[in-house]
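In full-length UniProt numbering, the protein residues as written are 1 to 119.
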């Protein structure tokens, strides 16, 4: 497993569950590191079934949204599946405004998302 500074990685029923260590994802360097960790997860670690758990995230910059879009494309290119869960209403509002709620598969919580992977 590659070294993770910004993400906490665990496994649940064959799904790679990714939690963000930072509450605010705003800084460019921080976002670049997250992007690199996303890339390593798919390319180095070979993960294809990924759940992003946003339970700790309070703020997300537009640059961070770009990394999420890139991760989604990357995972789909590898015939994988990306889901998201536990997105706060304020962040969900941004997803709705940018129509990213249509692009991403977003579930209410981790158990919901894990069930969707199985279903």
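Even for Gly, the Cβ is constructed at its ideal location relative to N, Cα and C.
It should be emphasised that the depicted structure is a prediction, and the values quoted were computed from it without experimental measurement.
Nearest Cα to residue 46 within the set 115, 7, 103, 78: 78.
By the criterion of a C-beta distance shorter than 6 Å, residue 68 is surrounded by no residue of its chain, once the five residues flanking it on both sides are discounted. Apart from sequence neighbours up to five positions away, the residues of its chain that approach residue 35 with a beta-carbon distance below 6 Å are 67, ordered along the chain. Membership of residue 73 in any beta strand (DSSP E) is not indicated; the residue belongs instead to the alpha helix (DSSP H) covering 62 to 77. Restricting attention to 115, 97, 118, 23, the CA atom closest to the CA of residue 55 is found in 23.
Linking residue 94 to residue 103 through their CA atoms gives a straight-line distance of about 13 Å. One thing to note: residue 51 has its Cβ within 8 Å of the Cβ of residue 113.
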